[in-house]
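Start counting the sequence shown at -8; every next residue gets the next number (our numbering).
We treat Cβ as the ideally placed atom computed from N, Cα and C, and that holds for glycine.
Here the structure is a predicted model, which is why all the values come from computation and not from measurement.
Below: the structure, in structure tokens.
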Amino acid sequence: MPASSHPARGAIVALVSTPGRVAACALALALGSALAAGSALASATPPRPRFAAPALWATIDVCNTKAHHATIGIRGSMPGTGDAGESMFMQFRVEYLRRRVWTNIGSSGTSFFEEVGDAGAASRQAGLDFTLASKAGHHYLLRGVVTFQWRLGGHTVAATLRSTTAGHRAGAGAHPPGYSASVCSIAANRRGSFVITPVTPSAARRAIRDASLTVQA
């Protein structure tokens, strides 16, 4: 069809003789504007992480060793998006098994969201230790949960979480080296307290925390 048979984009169509044809042309113009706006929005949408990526996991890399008595270490790994303008954050939480239900230790047993680096990297890891500072006498079966966030300009553009599973390779901090488990059993008295202490994360720009937190179990 010759190019002259179509009105130019944005041309006035009110002089077309058939009202139905006017409506059709007006609708086409509206749809064209909407598609253009949608394309502009799509191009402005930040890249999203792949939630099925092998680099997205949480694991226990320390569990009540001689060097880390009554301590559970939780480590997370998250994939980047290729956009160095995005920042990646992790939050660590300990849960214990109570009457066959995984239960939060308490609000103070959850770390703040901590920045672990920009999303330009292929993946980043970070970890945090939770130490049960008390005498033996009561057993806890523990697991970790890590919440992951990708942020751009102070806004969360993607988020997900993972509970701890075995079979992962920690970049640093595992004791013994290569240790990776889904749960951790620790003995403590019924009124023991959990003390959160920092672990230096690999591939992160700074340590997770300077201060410790204490919560009652």
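DSSP bridge partner residues for residue i (one or two, in chain order)
i           : result
residue 95  : 86
residue 80  : 106, 140
residue 49  : 67
residue 134 : 86
residue 101 : 84
residue 115 : 69
Residues near residue i by beta carbon distance below 6 Å, same chain, minus five either side
i           : result
residue 159 : 48, 50, 171
residue 113 : 71
residue 75  : 109, 111
residue 157 : 171, 172, 173
residue 30  : The predicted position of residue 30 is uncertain, since its pLDDT is 48 and thus under 50; a value taken from the coordinates is nonetheless stated next. Excluding sequence neighbours, residue 30 sits near nothing in its chain.
residue 142 : 78
Residues of its chain near residue i, where Cβ-Cβ distance is below 8 Å and the 5 sequence neighbours each way are ignored
i           : result
residue 59  : 53, 120, 122, 166
residue 104 : 80, 81, 82, 138, 140
Span separating the alpha-carbon of residue i from that of residue j
i           : j           : result
residue 70  : residue 176 : 29 Å
residue 138 : residue 78  : 14 Å
residue 88  : residue 133 : 6 Å
residue 146 : residue 106 : 13 Å
residue 163 : residue 42  : 23 Å
residue 37  : residue 148 : 8 Å
residue 63  : residue 161 : 14 Å
residue 153 : residue 45  : 12 Å
residue 73  : residue 40  : 9 Å
residue 150 : residue 92  : 24 Å
residue 94  : residue 84  : 10 Å
residue 61  : residue 178 : 7 Å
residue 102 : residue 144 : 22 Å
Residue closest to residue i, alpha-carbon to alpha-carbon, out of the options
i           : options           : result
residue 173 : 135, 38, 75       : 135
residue 100 : 86, 92, 90, 91    : 86
residue 209 : 68, 143, 39       : Nothing can be reported for residue 209, as the shown portion of the chain is limited to -8 through 208.
residue 168 : 56, 40, 39        : 56
residue 90  : 131, 66, 118, 116 : 131
residue 115 : 143, 144, 66      : 66
C-beta neighbour in chain D for residue i, strict 8 Å
i          : result
residue 43 : Protein chains in the displayed structure number just one, and chain D is not present.
4 or more residues per run - each alpha helix (DSSP H) lying fully within the region 139 to 177: Look at the region 139 to 177 and you find no whole run of alpha helix (DSSP H) that is 4 residues long or longer.
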